[in-house]
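I have placed the structure first, in the form of structure tokens, so that the comments after it can refer back to it.
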Amino acid sequence: MNLSILTVDDLAYHCTGDTQKFYRQQSYDPQFCFELLRRALAEEQTEAFSRVYQIYHSQVQNWVYHHPRFIQTGESADYFASFALTNFYFALRGTKFAQFAALSQVMAYLKLCVHTSIAQYLRTQSAALLADLEEAHLIGSNDHIDSDMNTADIWFRICELLTDAKDRLLAHIVFVQDLKPAEIVDRYPQHWRTPREVSVALQRIRRTLRSDVELQQWAKV
């Protein structure tokens, strides 16, 4: 079939059907999806990429859910799906798409973008987390921390210590998002009614974290 005569709507229709066949492990034709991706990326057609986004967003979300470190981020799957698809677009648009010859290769790269997005988020999160934990005197100076240590493990340990979901949320808001008590009340009035209520809860959380031997061993204080 001469795919060049098909509209973006035609390609999206066939690609959606073939994608469903793939999920059901039925025989499918990859040429329609590949051509839709080519127009979206190589030709940078906005309408084509919008259709790509609609067709593959749920699959990308599924990859996010199954990532082993997704639970440590505290973010939604939709956040990383959107992040991965955006990175995917900017990484492969224009002449860079020519390096791919098959749909399977393009999808493998999209899946890689999911892993990269989560890893990048955790690295950024880790720097802020270490600084705030140091300032709160929960660990020692960053200079004493092994540079090869995956700082996401610190956050995982904090989640283990804080068994209450509300406490974990507050720890993430304060140590990672760096919000002040008044800002927290404004954004999460369903959880905390006054800045003092936030401060009291945060003091209790800090006592719990300071007393943990494993957190203390991550740095020499």
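Count along the sequence shown from 1, then add 2; that gives the number in the numbering used here.
Note that the Cβ used here is the ideal one computed from N, Cα and C, for glycine as well.
Worksheet entry | Residue closest to Arg206, alpha-carbon to alpha-carbon, out of Trp65, Ala173, His59, Ala42 | Ala173
Worksheet item: Which residue from Pro191, Thr210, Ala184 puts its Cα closest to that of Arg198?
Response: Ala184
Discussion item. When you compare the CB positions of Val202 and Trp194, do they come within less than 7 Å of one another, or not?
Written reply: no
Worksheet item: Span of the alpha helix (DSSP H) holding Arg170?
Response: 167 to 177
Fill in: Where Pro191 falls: helix, strand or coil (DSSP)
coil
Practice prompt. Compare the beta carbon distance of Arg53 and Ala14 with 7 Å and say whether it is the shorter of the two.
Written response: yes
Worksheet item: Going along the chain, which residues of its own chain have a beta-carbon closer than 8 Å to the beta-carbon of Tyr91, five neighbours each way excluded?
Response: Ala42, Leu43, Phe51
Worksheet item: Would Glu37 pass as a contact of Arg95 if the rule is Cβ separation under 7 Å?
Response: no
Practice prompt. Within the region 3 to 90, note down every full beta strand (DSSP E) run reaching 3 residues or more, in order along the chain.
Written response: none
Worksheet item: Given that a residue counts as buried once 16 or more other Cβ atoms are within 10 Å of its Cβ, and exposed if not, what is Ala167?
Response: exposed
Worksheet entry | Which of helix, strand or coil DSSP assigns to Thr118 | helix
Worksheet item: Taking all protein chains shown into account, do 16 or more other C-beta atoms lie within 10 angstroms of the C-beta of Ser119, making it buried, or fewer, making it exposed?
Response: buried
Worksheet item: Can the beta-carbon of Ala79 be found less than 7 Å from the beta-carbon of Tyr67?
Response: yes
Item to complete: Measure the C-alpha to C-alpha separation of Arg189 and Leu181 and round it to an integer number of angstroms.
Response: 10 Å
Item to complete: Please work out which residues of its chain come closer than 8 Å, Cβ to Cβ, to Asn89, disregarding the five sequence neighbours upstream and downstream, and give them in chain order.
Response: Cys115, Thr118, Ser119
Worksheet item: Rounded to a whole number of angstroms, what is the C-alpha to C-alpha distance between Thr97 and Ala103?
Response: 13 Å
Practice prompt. Helix, strand or coil for Ala104, going by three-state DSSP, please let me know.
Written response: coil
Fill in: Continuous alpha helix (DSSP H) stretch holding Leu164: start and end
Neither: Leu164 is in no alpha helix (DSSP H) and is coded neither H nor E.
Worksheet item: Excluding the five sequence neighbours on either side, which residues of its own chain have a C-beta within less than 7 Å of the C-beta of Thr18, listed in chain order?
Response: Ile57
Item to complete: From the DSSP output, in three-state form, read off Leu181 for me.
Response: coil
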